[in-house]
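S.K.: Each residue of the sequence shown is one higher than the last, beginning at 1 in UniProt numbering. Supplied in structure tokens, the structure appears directly below.
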Amino acid sequence: MTISTDDSGPVRIVTAIVRDGDRVLLCHRSAGRRWYPDVWDLPGGHVEEGEDPKESLVRELREELGITASEPSGPPMHEIRTATFDMRIWLIDRWTGTPVNAAPDEHDAVAWFWTSDLDSLRLAHESYLSMLTAVLLT
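Structural data, given as structure tokens:
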């Protein structure tokens, strides 16, 4: 996720917890990234001007992972608001295609993780561990 530093207000971000049964897919942000380098993150990105956040999420998943997800039907399952970004997070557990690293300029890896793996990961946000664990245990 890229964070703007101008005065136009918080950047709107959409992300997904991509779940396949009892595992989740995360993207490892390249070490050279300006914002949140060398951490595991949720796939997603910026909401473009005039774009609906749900449409943006579908686009971002196609661009980053090469998958086609259905537009989420409900509200986001979680939101993170900071001075620099507003992030909406949806659960995605149905899609077509096989996830791949379709954005190697942003991520140096994508991988599936089980609950037992999450504690050892350096995650992009402090709320991710409890959120991902809760999703996998339901």
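The C-beta atom is built at its ideal place from N, Cα and C for all residues, glycine as well.
Which same chain residues, not among the five before or five after residue 60, have their C-beta less than 6 Å away from its C-beta?
M.R.: Excluding residues within five positions, the ones whose Cβ falls inside 6 Å are 44 and 45.
S.K.: Please name the residue or residues paired with residue 46 in a DSSP beta bridge.
M.R.: Bridge partners of residue 46: 13.
S.K.: Measuring only the C-alpha atoms, how far is residue 115 from residue 10?
M.R.: One C-alpha to the other measures close to 31 Å.
S.K.: Specify, as a first and last residue, the run of the alpha helix (DSSP H) that residue 134 falls within.
M.R.: It spans 128 to 136 - the alpha helix (DSSP H) in which residue 134 sits, taken as one unbroken run.
S.K.: Have a look at 93, 86 and 119 and flag the residue whose alpha-carbon is nearest the alpha-carbon of residue 8.
M.R.: When only C-alpha atoms are compared, the closest one is 86.
S.K.: Where DSSP assigns a beta bridge to residue 117, which residues make up the other side?
M.R.: Answer is none; residue 117 lacks a bridge partner.
S.K.: Buried or exposed: residue 75, going by 16 or more other Cβ atoms within 10 Å of its Cβ?
M.R.: With fewer than 16 other Cβ atoms within 10 Å, it is exposed.
S.K.: For residue 81, I'd like the list of residues in its chain whose CB is within less than 8 Å of its CB, leaving aside the five on either flank, ordered along the chain.
M.R.: These residues qualify, in order along the chain: 10 and 87.
S.K.: DSSP on residue 59, reduced to helix/strand/coil?
M.R.: Here residue 59 sits in helix by DSSP.
S.K.: What did DSSP end up calling residue 64 once you bin it into helix, strand or coil?
M.R.: Three-state result, residue 64: helix.
S.K.: Taking buried to mean at least 16 other C-beta atoms within 10 Å of its own C-beta, is residue 26 buried or exposed?
M.R.: It is buried - the Cβ of residue 26 has at least 16 other Cβ atoms within 10 Å.
S.K.: I'd like to know if the region 128 to 136 and the region 63 to 72 are in contact, where contact means that at least 3 CB-CB pairs between them fall below 8 Å.
M.R.: As far as the Cβ criterion goes, the region 128 to 136 does not touch the region 63 to 72, which means the pair count is below three.
S.K.: Rounded to the nearest angstrom, what separates residue 42 and residue 96 at their Cα positions?
M.R.: If I take the Cα positions, the gap works out to 18 Å.
S.K.: So residue 65 and residue 100 are in contact, right, with Cβ under 8 Å, and what is the actual spacing, rounded?
M.R.: Yes, residue 65 and residue 100 are in contact; Cβ-Cβ is about 7 Å, under 8 Å.
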